[in-house]
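S.K.: Before I ask anything, let me first share the structure, which is written out below as structure tokens.
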Amino acid sequence: MGKGKGKALKLPEVGQWPDKIFPIVAVVGIVLTTLGFLMAFFYVPPVAGAAVDGVELIGGMMVTNKLLISQKIFFFHMPVAIVSFVALGFACYYAVRFLMTREWRYDTCSCVAVEIALVFVIATMVTGEMWTRFEWGVWWTWEPRLTTYLVLMLIVIAYFVLRAAVDEPERRGVFSAVVAIIATIDVPICFAITRLIPSSIHPVVLREGGMSPEMGMCVGIIAVGMFCIGFALYRARFNQVRLTERVESLKESLED
Amino acid sequence: MAKEKKLSAEPARSATCERPSTFAQFKTLLVKDLKQEFRTKDMVVSMGIYAVLVIVVYGVALSFAKPGAEFLEVSGGLLWALVVFTSLLGLNRSFSHESENGCMEGLLLAPLDRGAVFLAKMFSNLVFLLLVEVIAVPLFWLFFSSYATPADTAWLMVVPLLVGSIGIAGIGTLLSTITTRTRGKDVLLALLFVPVVFPLLYACVSATTAVLVGGDVVAETLRISLVLAAGYDVIMILASWILYEFVVSA
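Protein sequence lines, in the order shown, are assigned to chains H and Z.
Quick note: the first sequence, position 70, residue 74 per the numbering used here, numbers continuous.
Quick note: the second sequence, position 206, residue 231 per the numbering used here, numbers continuous.
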């Protein structure tokens, strides 16, 4: 996703420098996420988990809070969530570029970035659901983060439904760019509003105050790995879509 | 239309004619929409009937619950569900007049400011929505007055209703302009509109519930919710206003 933003004239195209590095980046991403995964289990000490009423005997020890293994989900969950939002940010950037220049390449970029965002949003939702179930004991709660991601997922799905529902390419490009921009504006507002309004109905879920250095390092490694994987996926998908477009246009020119 | 009048008033005297101000354009377009609605009574009637039917469905849904004071905590949400579905119906139809008979093309051919087109459409949608709310909200309380009596602060409900309606009209106008020119427009509008308007809805339900339940936390909750809802309105209407030009000319 890190293509020369400064050079406005140089459009993203298959065979530019990101294509030379993306297989390597993919391998680096896989190695880093695997490393982080192993670290999460064998290196990072468990932190205080769910609170227990009073003192209980768990596993032969008197504890006041449960050291749940489900907290390991967090190491995977948070980086994925960050990457999904960054991918949406790139989609918004390319959508703005498309509206400014009307270059089809940017529409393709924006669409591919939203696809990557969808992949990571779904990964976030799945890991988030597991977290909710094991840590808080329910399948769903209307907690700000969960709500925001639900809304984000719905808008991203609506984006693809919209793309499928418009036949004219130009209209489809403009409409989907506008929706991508609106989605990127809407999601932070959604988080802010669900977070700031005091809710009398739902319990306020307290999270651990901060991350220990080991945790931070582990999350950082997985985040970098996830960024690499996201970038590689984006580039691979972009190449595929772009080559398909070129084949189509070649076919058309041959018919003429 | 203002332009045509000007042209016919002084046809041959000068080749250059003054461009009507953006406000004049906005006024002309708004009056056109309101006049059309006043003559056909198409949208307000269908939205009003729909709102009453939703209230009837609520009546069935609540008939075995016999809620007491806790009804107040739910009623804010029920009221907003009513507003959202009614406004969805209205927004779907707001561009159907324009797409029939090629009105939209005519509108775009005229040298109008696209921002004025957006604001006029937004205001007409807002007026219809408020008209329906003026009928539907008292009816809601008439039908459910036996369940619970709202707190003395209930009249403050007007403020979140107004703020929420402005936001719904703003973002709804942009989205309905998009979906009116796609296949499966009704479903697509709902699919886009509900998630996008979710934050506004959340803030408005919070504010409405606060004034209905009353008590000492009213002022605090109401203030935060209204500030956030107004912030959403400002950001979203500005974004829609900027993006409308692209959408309407696509």
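A virtual CB, placed ideally from N, CA and C, is assigned to each residue, including glycine.
So which of Z:Ile249, Z:Ile80, Z:Ala145 and Z:Thr205 has the shortest CA-CA distance to lysine 57 of chain Z?
M.R.: Residue Z:Ala145 is the option with its Cα nearest to lysine 57 of chain Z.
S.K.: Span of the alpha helix (DSSP H) holding alanine 194 of chain Z?
M.R.: Segment 183 to 204, the alpha helix (DSSP H) holding alanine 194 of chain Z.
S.K.: Are the CB atoms of serine 201 of chain Z and leucine 263 of chain Z within a distance shorter than 8 Å?
M.R.: Contact: no.
S.K.: Out of H:Ala181, H:Ile161 and H:Ile226, state which residue places its alpha-carbon closest to the alpha-carbon of leucine 216 of chain Z.
M.R.: Cα-wise, what sits closest to leucine 216 of chain Z is H:Ile161.
S.K.: Alpha carbon to alpha carbon, how far is proline 22 of chain H from serine 119 of chain Z?
M.R.: The straight-line gap from Cα to Cα measures roughly 46 Å.
S.K.: Compare the beta carbon distance of valine 125 of chain H and tyrosine 163 of chain H with 8 Å and say whether it is the shorter of the two.
M.R.: Taking 8 Å as the Cβ cut-off, valine 125 of chain H and tyrosine 163 of chain H do not qualify as a contacting pair.
S.K.: Using CA coordinates, which residue listed in Z:Leu59, Z:Ala135, Z:Leu199 and Z:Thr234 is at the minimum distance from serine 100 of chain Z?
M.R.: It is Z:Thr234 whose Cα lies nearest to the Cα of serine 100 of chain Z.
S.K.: Which residue's Cα is closest to the Cα of leucine 247 of chain Z: Z:Gly197, Z:Ser190, Z:Leu181 and Z:Leu155?
M.R.: The residue with the shortest Cα to Cα distance from leucine 247 of chain Z is Z:Leu181.
S.K.: Please specify which runs of the beta strand (DSSP E), each continuous and at least 3 residues long, are wholly inside the stretch 16 to 52 of chain H, giving them in chain order.
M.R.: As far as the stretch 16 to 52 of chain H is concerned, it has no whole beta strand (DSSP E) run of at least 3 residues.
S.K.: Rounded to a whole number of angstroms, what is the C-alpha to C-alpha distance between alanine 135 of chain Z and aspartate 171 of chain H?
M.R.: For alanine 135 of chain Z and aspartate 171 of chain H, the distance between alpha carbons rounds to 26 Å.
S.K.: Should glutamate 130 of chain Z go down as buried or exposed, given a rule of 16 or more other Cβ atoms within 10 Å for buried?
M.R.: Counting Cβ neighbours within 10 Å, glutamate 130 of chain Z comes out exposed, since fewer than 16 surround it.
S.K.: Let me know if alanine 244 of chain Z comes out buried or exposed under the rule of 16 or more other beta-carbons within 10 Å of its beta-carbon.
M.R.: So alanine 244 of chain Z counts as exposed.
S.K.: Hey, does proline 92 of chain Z have any beta-carbon neighbour from chain H nearer than 8 Å?
M.R.: No, because no Cβ of chain H sits closer than 8 Å to the Cβ of proline 92 of chain Z.
S.K.: Check glutamate 123 of chain Z in the structure and name its three-state DSSP category.
M.R.: Note: glutamate 123 of chain Z maps to helix in three-state DSSP.
S.K.: Compare the C-alpha of valine 223 of chain H against each of H:Ile28, H:Cys194 and H:Ala44 and name the closest.
M.R.: For valine 223 of chain H, the nearest C-alpha among the options comes from H:Ala44.
S.K.: Can you tell me whether DSSP reads alanine 264 of chain H as helix, strand or coil?
M.R.: Here chain H has residues from 5 to 260 only, and residue 264 of chain H is not among them.
S.K.: Beta-carbon within less than 7 Å of arginine 137 of chain H's beta-carbon, same chain only, minus the 5 sequence neighbours each way: which residues are those?
M.R.: For arginine 137 of chain H, where only same-chain residues beyond five positions count, the Cβ hits under 7 Å are Trp143.
S.K.: In chain order, what residues of the same chain have a beta carbon less than 8 Å from the beta carbon of glutamate 62 of chain Z, not counting five sequence neighbours either side?
M.R.: The answer, listed in chain order, is Met68, Val69, Ser149 and Phe153.
S.K.: Identify the continuous alpha helix (DSSP H) that holds arginine 239 of chain H and give its terminal residues.
M.R.: First-last of the alpha helix (DSSP H) with arginine 239 of chain H: 217 to 259.
S.K.: Unbroken alpha helix (DSSP H) runs of length 4 or more, entirely within the stretch 70 to 142 of chain H: which are they?
M.R.: Here the runs fully enclosed are 77 to 105 and 108 to 135.
S.K.: Report the three-state DSSP secondary structure of alanine 179 of chain Z (helix, strand or coil).
M.R.: If DSSP states are grouped into helix, strand and coil, alanine 179 of chain Z belongs with the helices.
S.K.: Have a look at alanine 95 of chain H and glutamate 139 of chain H and give me their C-alpha separation to the nearest angstrom.
M.R.: So the alpha carbons of these two residues sit roughly 33 Å apart.
S.K.: Would you say aspartate 190 of chain H lies against chain Z (beta-carbon separation less than 8 Å)?
M.R.: It does; some Cβ of chain Z falls within 8 Å.
S.K.: Quick check: what's the CA-CA separation for phenylalanine 78 of chain H versus arginine 64 of chain Z?
M.R.: Approximately 60 Å, taken between the alpha carbons.
S.K.: Inspect the CB distances between the stretch 159 to 174 of chain Z and the stretch 215 to 232 of chain Z and report whether three or more fall short of 8 Å.
M.R.: The stretch 159 to 174 of chain Z, when compared against the stretch 215 to 232 of chain Z, does not touch it at the 8 Å Cβ threshold.
S.K.: Give the residues from the stretch 160 to 183 of chain H that approach chain Z closer than 7 Å (Cβ to any Cβ), ordered along the chain.
M.R.: So the close ones are Ala162, Val165, Leu166, Ala169, Val170, Glu174, Arg175, Val178, Phe179, Val182 and Val183.
S.K.: Does the separation of the CB atoms of valine 123 of chain Z and leucine 132 of chain Z fall below 8 Å?
M.R.: According to the sequence provided, residue 123 of chain Z is glutamate. The question's valine does not apply to it. Contact: yes.
S.K.: Is the distance from the Cβ of isoleucine 186 of chain H to the Cβ of tyrosine 257 of chain Z below 8 Å?
M.R.: It is not a contact, given that the beta carbons lie outside the stated cut-off.
S.K.: Distance, Cα to Cα, glycine 84 of chain Z vs serine 250 of chain Z?
M.R.: Roughly 28 Å separates the two Cα atoms.
S.K.: Helix, strand or coil for valine 170 of chain H? Go by DSSP, reduced to three states.
M.R.: Coil.
S.K.: Quick one: does tyrosine 172 of chain Z have its CB under 8 Å from some CB of chain H?
M.R.: No - not a single Cβ of chain H is within 8 Å of the one on tyrosine 172 of chain Z.
S.K.: Flag proline 202 of chain H as yes if its beta-carbon sits less than 8 Å from any beta-carbon of chain Z, otherwise no.
M.R.: Yes, because at least one Cβ of chain Z sits closer than 8 Å to the Cβ of proline 202 of chain H.
S.K.: Assuming the contact rule is C-beta atoms closer than 8 Å, valine 221 of chain Z and isoleucine 201 of chain H should be a hit. Round their C-beta distance to whole Å, please.
M.R.: That belief does not hold up - the Cβ atoms of valine 221 of chain Z and isoleucine 201 of chain H are roughly 18 Å apart, past 8 Å.
S.K.: Taking the C-alpha atoms as reference points, what is the distance between glycine 93 of chain H and glutamate 249 of chain H?
M.R.: C-alpha separation (whole angstroms): 24 Å.
S.K.: Identify the contact partners of threonine 128 of chain H in chain Z, using a Cβ-Cβ distance below 9 Å as the criterion.
M.R.: Those within 9 Å of threonine 128 of chain H in chain Z number zero; the least Cβ separation is about 16 Å.
S.K.: Taking the alpha-carbon of glycine 234 of chain H as reference, which of H:Thr128, H:Val130, H:Ser88 and H:Lys255 has the nearest alpha-carbon?
M.R.: That would be H:Ser88, whose Cα lies nearest to the Cα of glycine 234 of chain H.
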